[in-house]
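Below is one structure; the comments refer to it alone.
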Amino acid sequence: MKESLKKYHGIFPAFYACYDDNGDISPDRVEQFTDYLIKKGINGLYVGGSSGECIYQSVEERKIVLEHVMKVAKGKIPVIAHIAAPSTRHSIALAQHAEKCGADAIAAIPPIYFVLPEDSIFHYWSDMAAATNLDFIIYNIPGTTNYNLSMNLFNRMRENKKVIGVKNSSMPVQDIQKFKAAAGENFVIFNGPDEQFIAGRVMGASAGIGGTYAGMPELFLAADACVERGDMKKALEIQNAINDVIFTVLKCHGNLYSVFKEILKRRGMNIGTARLPLAPVAVEDEPIIQSLINKIDTAIATFAK
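For the sequence shown, my numbering begins at 1231 and goes up steadily by one.
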């Protein structure tokens, strides 16, 4: 693999939105959370995506978040800025801002709401890529966009030299193998679904970007290390522990991000809660949250010490 692409290997937590007690973006909490994750040993950050609640934030709010992430992270770890917005105009503005801030790459989902033909998606992505000199990463997440990246569009996008990777969040792990087989070694595949991280790595992903990484980075770092050294038995054990946490979170009334933010708060990292309409933690969630903290602590003690 090209030397310039090796920085995109490993564990890239999807950065959570950081709000103050009034629900506004908190620059201080953004910087504190960035520092917290860097000190955990993560390999990079993915800022402004689903986990960052981008669809519930204005363009200016998204700029503020990235500015304060970069204030801490620049020169320490690579940062990928997700810059897709409902309009191409706003997406380009976010792309150019990301370059100005010093981000390493930009990424984008397909256009949302309207069901557009592939040619429109091609131009949407291509216009963003043309707006900067940054690396560009396709984000395939059919569960929320209702579009699953076709091999035809994938190959068409790869003709653009700025397109260096794809974050694949489709559930069939075979899709990672298909993209890798078509693109070869000089192309970065990021595994998306946290529940199948090690499967994605085995099928050809060299990195992962995930919405639960920030709540338990130690476990994903440990799983990735196991894959690297070929200890698949332990990697599977860690994946099973991760999945136990994820499936338990889904039993809560509160949204997944609200739950993980509550767990972080109880660990001393207060970044607020999720924005409505994402459901806040409910009173009924209390025993589940305590069990989650216990599960995470036990797994870290078992696998990540």
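Even for Gly, the Cβ is constructed at its ideal location relative to N, Cα and C. Nothing here was measured: the structure is a model prediction, and the numbers come from that model.
Check, Outcome
"Limits of the unbroken beta strand (DSSP E) element including Asn-1370", "1365–1370"
"Cβ separation of Ile-1371 and Ile-1339, assumed to be a contact under 8 Å, to the nearest whole Å", "6 Å"
"Helix, strand or coil at Phe-1420 according to DSSP, with G and I counted as helix", "strand"
"Among Ala-1359, Ala-1453, Tyr-1246, nearest to Thr-1318 - alpha-carbon criterion", "Ala-1359"
"Three-way DSSP call (helix, strand, coil) for Asn-1398 in this model", "strand"
"C-alpha gap between Gly-1240 and Ile-1419, whole angstroms", "11 Å"
"6 Å CB neighbourhood of Phe-1245 in its chain, flanking five on each side removed", "Leu-1275, Val-1277, Gly-1282"
"Contact under 7 Å by Cβ, Ala-1512 with Gly-1484", "yes"
"Sequence-distant residues of its chain with Cβ nearer than 6 Å to Cys-1482 (five each side left out)", "Val-1489, Asp-1515, Ile-1518"
"Buried versus exposed call for Pro-1586 [16 or more other C-beta atoms within 10 Å across all chains shown]", "Within the shown structure, residues of the chain are numbered from 1231 to 1535, placing residue 1586 beyond reach of any answer."
"Given Gly-1434 as reference, the closest of Ala-1333, Arg-1292, Ala-1411 once Cα atoms are compared", "Ala-1411"
"Rounded C-alpha distance that separates Tyr-1238 from Glu-1415", "13 Å"
"Three-way DSSP call (helix, strand, coil) for Tyr-1343 in this model", "coil"
"Nearest to Arg-1497 (by Cα), restricted to the options Arg-1505, Ala-1413, Lys-1463, Phe-1263", "Phe-1263"
"Cutoff 7 Å: Ile-1428 Cβ touching any chain B Cβ", "Protein chains in the displayed structure number just one, and chain B is not present."
"Bridge-paired residues (DSSP) for Gly-1430", "Answer by DSSP bridge pairing: none, since Gly-1430 is not bridged."
"Outcome for Val-1345 when other beta-carbon atoms lying within 10 angstroms are tallied against a minimum of 16", "exposed"
"Inter-stretch contact at 8 Å, needing at least 3 Cβ pairs: the segment 1424–1434 / the segment 1448–1457", "yes"
"Pro-1447, buried or exposed, once every other Cβ within 10 Å from all chains shown has been counted against 16", "buried"
"Best match in Asn-1376, Cys-1331, Leu-1235, Phe-1366 for proximity to Asn-1343 [C-alpha to C-alpha]", "Per the sequence presented here, residue 1343 reads as Tyr, with Asn not at that position. Checking every option, the nearest Cα to that of Tyr-1343 belongs to Asn-1376."
"Rounded separation between Lys-1392 and Thr-1528 - CA only", "43 Å"
"Beta-carbon proximity list for Gln-1404, same chain, < 8 Å, skipping 5 on both sides", "Met-1433"
"Tyr-1286 burial status per 10 Å Cβ neighbour count (16 or more: buried)", "exposed"
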